[in-house]
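First the structure, in the form of structure tokens, and then the observations on it.
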Amino acid sequence: KEAESAKFLLLTLLSLACIAGVLAASGVAYCLRHRAHHRLKEKLSALGADAGSDAPAAYQELCRQRMAVKTSDRPEPLHSSRINSVSSQFSDGPIPSPSARSSTSSWCEEPVQSNMDISTGHMILSYMEDHLKNKNRLEKEWEALCAYQAEPNDSTVAQQEENVQKNRSLVVVPYDHSRICLKGESSHDNSDYINASPIMDHDPRNPAYIATQGPLPATVADFWQMVWENGCVVIVMLTPLVENGVKQCYHYWPDEGSNLYHIYEVNLVSEHIWCEDFLVRSFYLKNLQTNETRTVTQFHFLSWNDQRVPASTRSLLDFRRKVNKCYRGRSCPVVVHCSDGAGRSGTYILIDMVLNKMAKGAKEIDIAATLEHLRDQRPGMVQTKEQFEFALTAVAEEVNAILKALPQ
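Residue numbers (the numbering used here): 9 to 416.
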């Protein structure tokens, strides 16, 4: 009996030692991961003030490292095959290999949903492909768009002395007849001006978007006032904070906790790095005068440089689907901004507006006419031929995906 008792005691002690070892190892692993996550967060938040030339690449890399830290315990998803790229069908050059920046999970995560019928889809796809194959036709259409002049096009309010310093660009400023007006009595400087334009689609009474510049240090309070007064719940950010040593946008949200901008308190609730191309932040926005609180979601696309286009249409189309899934059923405008609120913002809005028209069953789509409609409301929307061609390609890619998803 004594031998059996000693054996039982020994086994018990060994079991306790194993359990203690597992707990200790788990504790050490947790501490190491938490410390690494904290260091990455400090570097990421410090990047906003860094004007070095490598800042955009470092910003994206830190975001991706944070994603790796957050998802290291999750099993890798099975990768489904992508659809064939429409752009490869009419490209003059070699088919590019997938970009290291493009989302590998994009095409299968969000199902394609549309009321577009098959015949209309094939007709639109044929139209887009013809434009993209016929470089001469595309060049002439872009030249005609460059010659287009909006009427009226006065911007006297934006050019007033007290408002000039609120503009990032002297060229991209809102028209007098199409600008967002703040409530002067609620503004920190009693002004109603902000460099932002309401963008209408089919309903002239309710804007579908607000195109605006990236906030400046002096206009952050105006930005959040605009978000509050227009009931906005979604912000689409298409620019890094710093690009090639040039500040593109002020860091207008807190990295953690809350910041106060005049009478608007912004609390960071969560930050989720969805994939290597974009992340999603959730905020509580509180009006300290009324004590009302709202939730605002910011979708931040990381892989789009100024005057350029993303390396892949797929990453941006997946980004758009995530935005629209969050926005579904809302009637308030979506805030869209890059640096000046025209080039990248105009390209995104053009793609989204055209695809929304198609999803609602439109029989005819004229992208050039749609772009003129945007430029009637804000100058400089879509700034380069490359951006216009990218919009055509993105629409063609999405139509192709819709046709593949429709029952034949």
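Glycine included, each C-beta is placed from N, C-alpha and C at the ideal position.
Per-residue DSSP class, three states only, for residue i
i, result
"E6", "Any answer about residue 6 is impossible in this case: the structure gives the chain only from 9 up to 416."
"C26", "helix"
"A219", "strand"
"H345", "strand"
"L18", "helix"
"I91", "Confidence is the limiting factor: at I91 the pLDDT is only 30, short of 50, which leaves the residue's position unreliable, though a coordinate-based value still follows. Three-state result, I91: coil."
"S266", "strand"
"H198", "Residue identity check: residue 198 is Asn in the sequence provided, not His. If DSSP states are grouped into helix, strand and coil, N198 belongs with coil."
"P206", "strand"
"S13", "helix"
"Y135", "helix"
"V250", "strand"
"E193", "helix"
"R187", "coil"
"S290", "strand"
"S163", "coil"
"S127", "helix"
"S339", "coil"
Enclosing beta strand (DSSP E) for residue i [first to last residue]
i, result
"T301", "300 to 309"
"A3", "The shown model of the chain, from 9 to 416, leaves out residue 3, and the question about it has no answer."
"V244", "242 to 245"
Terminal residues of the alpha helix (DSSP H) in which residue i lies
i, result
"N3", "Coverage of the chain is limited to positions 9 through 416, which leaves residue 3 absent and any answer about it impossible."
"T401", "393 to 413"
"A229", "228 to 237"
"M366", "351 to 367"
"V172", "169 to 172"
"V331", "321 to 335"
Neighbourhood of residue i by C-beta distance below 6 Å, restricted to the same chain and skipping five residues each side
i, result
"V94", "Any reading at V94 must be qualified, since the residue scores a pLDDT of 43, below 50, and its modelled position is unreliable; the value itself is stated next. Closer than 6 Å at the Cβ level, and outside the excluded window around V94, lie A404, E405, N408."
"E147", "none"
"W312", "L246, P318, R352"
"E149", "A376"
"A219", "S205, I207, V344, G349, S353, R386"
"A229", "H196, Y269, H270"
"V267", "A small correction: the amino acid at residue 267 is Asn; Val does not occupy that position in the sequence shown. Cβ neighbours of N267 beyond the five flanking positions: V274."
"A158", "R383, D384"
"A399", "T355, L358, I359"
Nearest to residue i (by Cα), restricted to the options the options
i, options, result
"M136", "E372, L414, P248, S278", "E372"
"R176", "E380, C257, A152, A14", "C257"
"Q315", "A226, G349, S323", "G349"
"D197", "I271, H308, G129", "I271"
"Y201", "N171, A229, V180", "N171"
"V180", "L276, M389, K255, A32", "M389"
"R328", "K15, N364, K174", "N364"
"I126", "E394, T321, A367, D374", "A367"
"L224", "D263, E394, Q173", "Q173"
"I359", "L324, G337, C334, M124", "L324"
"C334", "S290, S320, N295, M361", "S290"
"P415", "A11, A33, V36, M124", "M124"
Same chain only: Cβ atoms within 8 Å of residue i, ignoring 5 sequence neighbours per side
i, result
"Q391", "Q315, A350, G351, G354"
"P160", "Y183, D184, H185"
"K191", "D200, Q233, E237"
"L133", "V94, A404, V407, N408, L411"
"I188", "P182, I202, A204, S205, P206, I218, T220, M234, N238"
Same chain, Cβ closer than 7 Å to residue i, neighbours up to 5 away in sequence not counted
i, result
"V30", "none"
"Y292", "N275, V277, T301, T303"
"Y156", "E380, R383"
Interface flag, residue i vs chain C, CB-CB below 7 Å
i, result
"D162", "Here there is only one protein chain, and chain C is not present."
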